[in-house]
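K.L.:
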Amino acid sequence: MVSFQDWDTIDAIDVKFLSSALSYIRDHGQLPPRLKSIQDLNEKSDSGVDEGTILQLQQEVGGRLRSLFQQQQQPGSGNQGARAPAKRTIAFLEGFLLYSPPESEDKDHVLRSVHKNIDVHLFLPAPYDMVKSRREGRSGYVTSGPAPEPTSLPQRSSVSDEVDLEGEDDRPPQNFWTDPPGYVDDIVWPRYVQDHAWLILPEGESQKSNTLSADSQELVNKVGQGVNLRTNAGVIVAPGEGTKPMVDILKWAVEEVLKYLERNILEVHE
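Have a look at this one:
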């Protein structure tokens, strides 16, 4: 019997720290002093998006936001003389476990506090074949602290404890993790499917199907490539079932963020 360390479980995430850090960012518009990123220690790869596309999107975003304020100043809008919107900071968070199911389905989900601290919930699905190929092609990545002891997702400890975000970072030092042979099929994919059983539908079934409820291997068998997702679960699923190029995904994500800003953030008050 072969035993693997598991870095793809909820126990690999300090949920209390993450939730508290997100609350801090919402209040202060910057990272808390205690949060030190280790992502710059990981190997970087080409994003697949050229500089020209990035410049074009920057200009589009700036133009739409300026246009929005100008429209609000037009006669008849009720906002004449209103001051310009206050400066806002937009923070982007990427991760493999960020969201929780609708409250009506699981009010006390361990990631509820994280989910509530995120305004635009973008989900990028990837088919099993792509996940396996890309994950097995990685050289490894930097981790923080020892491998977690896995337990089932819904039974995590409370996230209500206070976290000192102004103090020094006293977490364990970084390590470098390399996936052992068979890690994707034995750990990564089954955990992904199990942790997102509330979002992933059985292959070929409709939105009206019940969410998955079965043991890990049965779930894996039911979902196939894992790209048939609910669209009524409180997350915005990227188009293309994980096959669109990064340029298209970036444009989609920018549009979703802009729509949120136009609806909710850039309100002008008298």
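Residue numbers for the sequence shown follow the working numbering, so the first one is 570 and each next one is one higher. The C-beta atom is built at its ideal place from N, Cα and C for all residues, glycine as well.
Which residues share a DSSP beta bridge with F692?
P.N.:
Position 123 of the sequence shown, counted from the start, is the residue given in the question as residue 692. Answer by DSSP bridge pairing, in chain order: V806.
K.L.:
Measure the Cβ-Cβ separation of V762 and V789 and say whether it is below 8 Å.
P.N.:
Numbered from its first residue, the sequence shown carries residue 762 at position 193. Numbered from its first residue, the sequence shown carries residue 789 at position 220. Yes, the Cβ-Cβ distance between V762 and V789 is below 8 Å.
K.L.:
Please confirm whether E825 and V689 have their CB atoms less than 8 Å apart.
P.N.:
Walking along the sequence shown from the start, residue 825 turns up at place 256. Walking along the sequence shown from the start, residue 689 turns up at place 120. Going by C-beta atoms, E825 is nearer than 8 Å to V689.
K.L.:
From the DSSP output, which residues share a beta bridge with L798?
P.N.:
As a working mapping, residue 798 is identified with position 229 in the sequence shown. For L798, which the question treats as bridged, DSSP gives the partners I769.
K.L.:
I'd like to check one pair, S669 with D675: are the Cβ atoms closer than 8 Å?
P.N.:
Working through the sequence shown from its first residue, we reach residue 675 at position 106. Working through the sequence shown from its first residue, we reach residue 669 at position 100. It is a contact, given that the beta carbons lie within the stated cut-off.
K.L.:
Return the first residue and the last residue of the alpha helix (DSSP H) that Q776 is part of.
P.N.:
Within the sequence shown, the letter at position 207 stands for residue 776. Premise fails: Q776 is in no alpha helix (DSSP H) and is neither H nor E.
K.L.:
With a CB to CB cut of under 7 Å and the five nearest residues on each side skipped, what residues in its chain are close to R633?
P.N.:
Against the sequence shown, residue 633 aligns to sequence position 64. The answer, listed in chain order, is L827.
K.L.:
Let me confirm a value: F661 is counted as buried when at least 16 other C-beta atoms fall within 10 Å, else exposed. Which label applies?
P.N.:
Stepping through the sequence shown from its first residue, residue 661 is reached at position 92. Exposed.
K.L.:
Would you give the residue range spanned by the alpha helix (DSSP H) that P759 belongs to?
P.N.:
Numbered from its first residue, the sequence shown carries residue 759 at position 190. P759 -> alpha helix (DSSP H) spans 758 to 764.
K.L.:
Taking the alpha helix (DSSP H) that S592 belongs to, which residues open and close that run?
P.N.:
Taking the sequence shown and counting its residues from 1, the one referred to as residue 592 is at position 23. 584 to 597 is the extent of the alpha helix (DSSP H) around S592.
K.L.:
Can you give me the C-alpha to C-alpha distance between K685 and I818, rounded to a whole angstrom?
P.N.:
Within the sequence shown, numbered from 1, the residue matching residue 685 stands at position 116. Within the sequence shown, numbered from 1, the residue matching residue 818 stands at position 249. Answer to the nearest angstrom: the Cα atoms are 24 Å apart.
K.L.:
If you drop the 5 nearest sequence neighbours on each side, which residues of the same chain put their C-beta closer than 6 Å to that of S726?
P.N.:
On the sequence shown, position 157 is the one that residue 726 refers to. Note that S726 scores a pLDDT of 40, beneath 50, so its modelled location is shaky; the value from the coordinates is reported in the next line. So no residue of the chain qualifies.
K.L.:
Are E772 and G793 touching if we call contact CB-CB under 8 Å?
P.N.:
By one-based count along the sequence shown, residue 772 stands at place 203. By one-based count along the sequence shown, residue 793 stands at place 224. Yes. Within cutoff.
K.L.:
Flag this pair as yes or no: are the beta carbons of G598 and P694 separated by less than 8 Å?
P.N.:
The residue you call residue 598 lines up with position 29 of the sequence shown. The residue you call residue 694 lines up with position 125 of the sequence shown. No; because the gap between Cβ atoms is not below 8 Å, this pair is not in contact.
K.L.:
Which residue wins for smallest C-alpha separation from K605, given the options L587, R703, I805?
P.N.:
Against the sequence shown, residue 605 aligns to sequence position 36. For K605, the nearest C-alpha among the options comes from L587.
K.L.:
Whose C-alpha, out of V757, V806, G751, D754, is nearest the C-alpha of L768?
P.N.:
As a working mapping, residue 768 is identified with position 199 in the sequence shown. Among V757, V806, G751, D754, the Cα nearest to that of L768 belongs to V806.
K.L.:
Do you know how far the Cα of F665 is from the Cα of P671?
P.N.:
One-based indexing of the sequence shown puts residue 671 at position 102. One-based indexing of the sequence shown puts residue 665 at position 96. Near 18 Å, if we compare the C-alpha coordinates of F665 and P671.
K.L.:
Counting C-beta neighbours from all protein chains within 10 Å, is the total for K791 16 or more, i.e. buried, or is it exposed?
P.N.:
Stepping through the sequence shown from its first residue, residue 791 is reached at position 222. Flag for K791 reads buried.
K.L.:
Of the choices L798, A766, E774, whose alpha-carbon is the least far from that of Q786?
P.N.:
Here residue 786 corresponds to residue number 217 of the sequence shown, with the count starting at 1. Among L798, A766, E774, the Cα nearest to that of Q786 is on A766.
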